[in-house]
Amino acid sequence: MTQAAAQMFWRCGNCTFTLQASCPPDLCPSCRVPCKFKDVSCYLPECGGPGNIDQRLR
Ligand SMILES: [Zn+2]
């Protein structure tokens, strides 16, 4: 099992830019301001499990 190494998805709370990384960046690469990144990673089989974005959180 390598699910623990699966990267997480983060969505910028300012511009809704979504990126995949193990942890959110300090500055959003899209809007270039320090913003809150929301974890939109999927944790349920319904949306495909780890490695996928939970579409309901978009
Ligand atoms: Zn942004």
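Mapping of the sequence shown onto our numbering: position 55 corresponds to residue 88, and the numbering continues sequentially without gaps.
Glycine included, every Cβ here is placed at the ideal spot set by N, Cα and C.
The structure displayed is predicted, hence computed values, not measured ones.
- Distances from the CA of F42 to each of C64, F70 and S74 were compared; the closest alpha carbon is that of S74.
- Within the same chain, and ignoring the five residues on either side of I86 in sequence, the residues whose Cβ sits closer than 8 angstroms to its Cβ are F42, T51, V73, S74, C75 and C80.
- Between F70 and C45, the gap from beta carbon to beta carbon is short of 9 angstroms.
- According to DSSP, T51 shares a beta bridge with R44.
- Contact between Q40 and S55 is confirmed by a C-beta separation of about 5 angstroms, below the 8 angstroms threshold.
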